[in-house]
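Right, one structure below, let's go through it.
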Ligand code: DGL
């Protein structure tokens with residue numbers, strides 16, 4: 003009997019998760035993915051715990067209703083604020099055989115392997131930074147590390163509105179790079195703990211000393227998903243593999259198609275969706 007198979011769901015508050023999807027497509031081109039961007043309600047990073055949790059749960063349920071057996075929260079803010087509750091409280095009730103994975107754990111594992119000085123910096127949204135998720139995960143895996151954090155409340159908006167490559171945008175990028183580096187002069191590795199931030203990589207690089215490495219999460223998450231699927235053949239077997247991509251947004255379709263095609267460097271068609 004042939005099993006019915008389903009795409010993998012990829013969720014973000016807006017466009018940021020496309021930096022993860024981009025790497026997923028490169029590493030696993032045969033898999034089908036559904037991307038859902040809650041652009042109408044982005045940014046999430048400045049919202050309260052309860053709101054982020056509710057919005058994320060709505061998105062996960064929507065992706066489940068489209069058949070996804072596995073959903074990646076390609077958003078640190080959602081991973082930090084909603085993942086654990088969804089995994090522990092909601093999944094056993096609504097979908098015990100489906101899985102939701104986040105981006106923080108695999109990122110922390112790599113961060114620990116890449117730093118020589120054991121002094122690292124985390125750049126994220128106010129929600130991710132306030133949650134202290136990176137501090138807690140690093141303390142568990144690498145207790146001897148010294149971690150500095152910096153919330154960058156304007157960066158997601160700079161990306162969503164493509165306002166980063168001008169004097170105003172560069173001012174806000176430099177401001178937070180200077181701030182985190184002034185917290186600890188031994189930092190040798192910075193992680194972009196927000197999936198929107200890789201879009202700012204070139205501008206950030208302009209303000210970073212050469213000896214500091216800058217890590218984005220796309221490849222890390224893609225590698226970790228591949229390992230996960232190897233370890234969980236029962237999930238891999240229900241993932242459809244026709245190389246198909248579908249895109250949904252809670253905002254304007256034409257805006258999404260135009261901006262997302264720049265992020266992914268390919269033309270795409272999106273559909274509108276309502277989350278409630
Ligand atoms: N890409 C999301 C993240 O990784 C952005 C969050 C937001 O919407 O503020 O945190």
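Numbering (our numbering), first residue to last: 3 to 278. For each residue, glycine too, the CB sits at the ideal point set by N, CA and C. Note that the coordinates shown come from a computational prediction; the quantities given were computed from them, not determined experimentally.
With a cut-off of 7 Å, the C-beta of residue 108 is classified as distant from ligand 1, since no heavy atom of the ligand falls inside that distance. With contacts defined as CB atoms closer than 8 Å, residue 149 and residue 105 fail to qualify as a contacting pair.
For residue 101, the enclosing beta strand (DSSP E) begins and ends at 101 to 103. Proximity of the beta carbon of residue 46 to ligand 1 is indicated: a heavy atom of the ligand is located closer than 7 Å. Relative to the Cα of residue 244, the nearest Cα in the group 12, 36, 20 belongs to 36. Restricted to the stretch 12 to 52, the alpha helix (DSSP H) segments that are unbroken, complete and at least 4 residues in length are 20 to 29, listed in chain order. Between ligand 1 and residue 24, a heavy atom-to-CB distance of less than 7 Å is absent. Here residue 10 is buried, its C-beta having at least 16 other C-beta atoms within 10 Å.
Within the same chain, 8 come within 6 Å of residue 69 by CB-CB distance, once the 5 residues on both sides are set aside. One thing to note: residue 174 has its Cβ within 8 Å of the Cβ of residue 160.
Checking the 7 Å criterion, the Cβ of residue 77 is within range of a heavy atom belonging to ligand 1. In the DSSP assignment, residue 151 is bridged to 124. Contact annotation, residue 48 with residue 129: C-beta distance approximately 7 Å; criterion of less than 8 Å satisfied. Residue 111 sits away from residue 167, with the two beta carbons spaced by 8 Å or more. Inclusion of residue 16 in the 7 Å shell around ligand 1 follows from its C-beta lying nearer than that to a non-hydrogen atom of the ligand.
DSSP places residue 240 in no alpha helix (DSSP H); its state is neither H nor E. Under the DSSP assignment, residue 251 falls in the beta strand (DSSP E) whose first and last residues are 247 to 251.
DSSP, read as helix, strand or coil, puts residue 178 in helix. Look at residue 197 here: in three-state DSSP terms it is coil, with no helix or strand label. In summary, residue 198 is buried, with 16 or more beta-carbon neighbours lying within 10 Å of its beta-carbon over all protein chains present.
The three-state reading of DSSP puts residue 58 in helix, counting H, G and I together. The Cβ neighbour count for residue 142, taken over all protein chains shown within 10 Å, is under 16; the residue is labelled exposed. When secondary structure is reduced to three states using DSSP, residue 6 falls in the coil class, being assigned neither helix nor strand.
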